[in-house]
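What follows is a short report on a single structure.
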Amino acid sequence: MKNRGLLFYAFAYLAFLYLPVLVLPVFSFNNSEFIAFPLSGFTTRWYAALASDGAMQHALGNSLKVGIVTALLSTILGLSAARAVTRYRLRGAGAALGFISLPLFIPDIVLGLSLLLLLGAAGLPLSLAAVVLGHLLVCVPFALTVLIARFEGFDRNLDEASADLGEDGWMTFWRVTFPLMLPGIVASLLLTFITSFDEFLLAYFLSGTEATLPVYIWGQLRFPERLPMVLALGAIILGASVGLVILAEYVRNLGARKPMVGA
Amino acid sequence: MSFLSLSGIRKSFGGLAVVNDVSLEVARGEFFALLGPSGCGKTTLLRMIAGFETQDNGTITIDGEAMNAVPPHQRPTNMVFQSYAIFPHLNVFDNIAYGLRKRKLPRDALRAKVEAMLATVRLEGLGGRAADQLSGGQRQRVALARALIREPKLLLLDEPLGALDKRLREAMQLELRAIQRQIGITFLLVTHDQEEALSLSDRVAVMESGRILQVAAPRTLYERPNCRQVADFIGEMNFFHATVRQITDAEVTVNAGILGIVTFPRANLAPGITVDQHILLAIRPEHVRFADSGVAGEIADATFLGARSHFHVRVAGRTEPVAVSGHAAPSRGTVHLAFPPDRLIGLPTDD
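So the protein lines, in turn, are chains A and B. As numbered in the numbering used here, residues 1 to 263 make up the first sequence, in order. As numbered in the numbering used here, residues 1001 to 1351 make up the second sequence, in order.
See below:
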């Protein structure tokens, strides 16, 4: 009987988690401006409206730009830091890691406010660049975590073997470190991109007149007649996110099957 | 002019001297071993020759060129790592060809060269094999091939056979020796396995606590160790305390306690020992003989080892039993031991 209770709990939990998410695509195909049951027929007109909404596409473009730049920068920074702390015995490495991870534990609202004040005090304009800076604070710790895990299984002798066989540090990076780190790098890029793409609070504080997609959607909620279109957008983002996560897992497994240490 | 020359090499890690004033000369084409227990500094010495560590003091010269300012990737050495360090993302062929990128060989020439090397290490037809599909012995061969294909002036081997099982290790020892003779490159081997060092090498340096104790050919090390540590580390040895009574041109006479007054050849006495000095008289277990008369003792235990048996014989006036290795014990109970004088060695005491 105890098992049956647990089973019920598990299903209720899953329903609680995922039913609201399923509502999104369902209503995005519903032929009515009102988000209410019963459903009143199938339509793709919300998706069509989306396709002709220039402001929305501009916001999407902003989010993609911010996401890609943030992913690249935080992965490069994470790669350097992860290599340094796993390869060398550095004084204060533990403290440095702690400080890098700290933004994860600071509420975003505090981070957002502080950055807003800082930019104001420095006389810098609110912009997408400011959003990227904010997102880097949150994304570098993620990148670092993923990449350190990957570096830790890495046999230091492989670098030495490459040097021994005539390659300098740079060529060793390209011929040994990079290919072996590739699954970690891809995972880091995807994770940081999604983190940045989803992020609302920092973007809301820092984006100024150039809204990112989450900020734009937030703005649209004031207009009830546009809500189904926002649902359609949400459904697309949901699909793309699921796709990315599956891709990331696939790449990660691809790497996991190959041993990391020198065979 | 020797080929590899180390002079006054020192290295410490965090204030602890790991290599302490080591000087060494290795001839071209020699198969040379650094032998010692783990932590004696032999691997650090090897890594300094490869350039992975920098010595605090001293000079390393290879073929007349000082290596102090030369980074590892420009040194005329190649290394077989203890872990083999096969690149896991490359197959056997690409692992072996890794170090040839700068030679810019045409595709055919590259293929021919790698195939020839595969044949040398007896891995024909395995070029396409993934790194994780290789057995321990095959990995060892790939590591060797990858280093040899660069035609280094000096090949460094860091415990290359340590990870293999006994049978495979013995087979690889023979092969390693054959390959070295065939290509004539100088090999420098680091090992803690005295049998390996003795069976492979032309000469061996025995190391302890960052210092070289003795450099000699294997037979000399075994028959004429220059100190207690070398005698102890290479094979088994019985020691007796003794005092030198007389030294002539041909012979040495010592008072050796329970062995009585003993005279043995002068050549068996370590240099620098003078009359009245306290010394250690040493003899190998296989040179002690059971006899009808001599030092009396009791057989404490006997171990059958196939071709020979090993005995521990308790002797009055001595806490350590005498180790004896022979074909058969005369009987249980009381035995007599003979110590042939020409097999006795005189060594300085530790202090």
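The beta carbon of each residue, even a glycine, is placed where N, CA and C say it ideally should be. Every value quoted in this text rests on a predicted model; they were computed, and no experiment measured them.
Could you confirm whether any beta carbon from chain A is found closer than 9 Å to the beta carbon of histidine 1073/B?
True, the Cβ-Cβ gap to chain A drops below 9 Å.
Tell me where the alpha helix (DSSP H) around methionine 181/A begins and ends.
Segment 178-198, the alpha helix (DSSP H) holding methionine 181/A.
In the structure shown, what three-state DSSP assignment does proline 1160/B receive?
Note: proline 1160/B maps to coil in three-state DSSP.
Is the stretch 1011-1031 of chain B in contact with the stretch 1039-1058 of chain B, if contact means three or more CB pairs nearer than 8 Å?
The count of Cβ pairs closer than 8 Å, one atom from the stretch 1011-1031 of chain B and one from the stretch 1039-1058 of chain B, reaches three, so the stretches are in contact.
Run down chain B in chain order and give the residues with a C-beta less than 8 Å from the C-beta of alanine 93/A.
By Cβ distance, chain B contributes nothing, its closest Cβ being about 17 Å from alanine 93/A, past 8 Å.
May I ask which residues mark the beginning and end of the beta strand (DSSP E) holding histidine 1278/B?
Where histidine 1278/B is concerned, the enclosing beta strand (DSSP E) starts and stops at 1278-1283.
When DSSP builds the beta bridges, which residues end up paired with methionine 1079/B?
The partner list for methionine 1079/B (beta bridge, DSSP) reads Leu1156/B.
Compare the C-alpha of glutamate 1159/B against each of Ala1197/B, Ala1296/B and Arg1177/B and name the closest.
When only C-alpha atoms are compared, the closest one is Ala1197/B.
Of the residues that make up the stretch 145-177 of chain A, which ones have a beta carbon closer than 7 Å to any beta carbon in chain B?
Within the stretch 145-177 of chain A, those residues whose Cβ lies closer than 7 Å to any Cβ of chain B are, in chain order, Asp155, Asn157, Leu158, Glu160, Ala161, Ala163, Asp164, Leu165, Gly166, Glu167, Asp168 and Val176.
According to a CB-to-CB cut-off of less than 8 Å, which residues of the stretch 1123-1147 of chain B neighbour chain A?
Listed by position, the residues of the stretch 1123-1147 of chain B near chain A (Cβ gap below 8 Å) are Ala1131, Asp1132, Leu1134, Arg1139, Arg1146 and Ala1147.
Proximity below 9 Å, CB of phenylalanine 197/A to CB of threonine 177/A:
Not closer than 9 Å, so no.
Rounded to a whole number of angstroms, what is the C-alpha to C-alpha distance between proline 107/A and histidine 135/A?
Taking the straight line joining both Cα atoms gives about 13 Å.
Beta strand (DSSP E) containing glutamine 1246/B: first to last residue?
Where glutamine 1246/B is concerned, the enclosing beta strand (DSSP E) stretches over 1238-1247.
How far does the alpha helix (DSSP H) with histidine 135/A in it extend, from its first residue to its last?
Start and end: 128-152.
Are phenylalanine 1093/B and alanine 1205/B close, meaning C-beta to C-beta below 9 Å?
Between phenylalanine 1093/B and alanine 1205/B, the C-beta spacing is not below 9 Å.
Residue from Phe37/A, Gly123/A, Met56/A and Tyr18/A with nearest C-alpha to alanine 297/A
Residue coverage of chain A in this structure runs from 1 to 263, which leaves residue 297/A outside it and unanswerable.
Isoleucine 1183/B classed as buried or exposed, judged by whether at least 16 other C-beta atoms fall within 10 angstroms:
With a threshold of 16 other beta carbon atoms within 10 Å, isoleucine 1183/B falls short and is exposed.
What residues match up with threonine 1059/B in a beta bridge as DSSP calls it?
DSSP lists Ser1007/B as the bridge partner or partners of threonine 1059/B.
Taking the alpha carbon of methionine 1207/B as the reference point, which residue from Thr1061/B, Leu1004/B, Cys1040/B and Leu1144/B has its own alpha carbon closest?
If we check each option's Cα against that of methionine 1207/B, Cys1040/B comes out closest.
Could you give the distance in angstroms between the alpha-carbon of alanine 1130/B and the alpha-carbon of arginine 1169/B?
Near 23 Å, if we compare the C-alpha coordinates of arginine 1169/B and alanine 1130/B.
Counting only C-beta atoms, is leucine 79/A closer than 9 Å to chain B at any point?
No Cβ of chain B is located within less than 9 Å of the beta carbon of leucine 79/A.
Who are the Cβ neighbours of lysine 258/A in its own chain at under 7 Å, not counting the five residues just before and after it?
Note that lysine 258/A scores a pLDDT of 49, beneath 50, so its modelled location is shaky; the value from the coordinates is reported in the next line. Its chain contains no residue whose beta carbon lies nearer than 7 Å to that of lysine 258/A once the 5 sequence neighbours on both sides are disregarded.
Indicate the three-state DSSP secondary structure (helix, strand or coil) for aspartate 108/A in the structure shown.
Annotated three-state conformation of aspartate 108/A is helix, per DSSP.
Rounded Cβ spacing between glycine 184/A and valine 146/A (contact assumed at less than 8 Å):
Sure, about 6 Å apart at Cβ, within 8 Å.
So which of Pro1152/B, Ala1242/B and Gly1272/B has the shortest CA-CA distance to isoleucine 1185/B?
Selection Pro1152/B, Ala1242/B and Gly1272/B evaluated against isoleucine 1185/B yields Pro1152/B as nearest (Cα-Cα).
Nearest-angstrom Cα separation, counted from phenylalanine 99/A out to valine 131/A:
C-alpha separation (whole angstroms): 20 Å.
Report the rounded CA-to-CA distance for proline 299/A versus serine 114/A, giving the unit in angstroms.
Because residue 299/A is not part of the residues shown, which for chain A are 1 to 263, the question remains open.
Leaving out five residues before and five after alanine 211/A in sequence, what residues of the same chain have Cβ atoms less than 7 Å from its Cβ?
Answer for alanine 211/A: Ala59, Asn62 and Gly219, listed in chain order.
Under 9 Å between C-beta atoms, does histidine 1241/B make it to chain A?
Output row for histidine 1241/B: interface = no.
Take glycine 208/A and list the residues in its own chain whose beta-carbon comes closer than 8 Å to its own, dropping the five residues that flank it on each side.
Closer than 8 Å at Cβ, skipping near neighbours: Pro125, Leu126, Ser127 and Ala130.
Could you check what DSSP says for leucine 1110/B in three-state terms: helix, strand or coil?
It is helical.
State the Cα-Cα distance for the pair asparagine 1255/B and glutamate 1025/B, rounded to the nearest angstrom.
Going by the C-alpha atoms only, they are around 38 Å apart.
For valine 1252/B, which residues does DSSP report across the bridge?
DSSP, once it has assigned bridges, lists Ile1247/B and Phe1264/B as partnering valine 1252/B.
Taking DSSP's pairing of strands, which residues face leucine 1024/B in a bridge?
Looking at the DSSP assignment, leucine 1024/B forms a beta bridge with Leu1006/B.
Could you tell me whether the Cβ of leucine 180/A comes closer than 9 Å to any Cβ of chain B?
At least one chain B Cβ lies under 9 Å of leucine 180/A.
Going straight from the alpha carbon of alanine 1143/B to that of arginine 1228/B, what length do you get?
Straight through space, the alpha carbons of arginine 1228/B and alanine 1143/B are spaced by roughly 37 Å.
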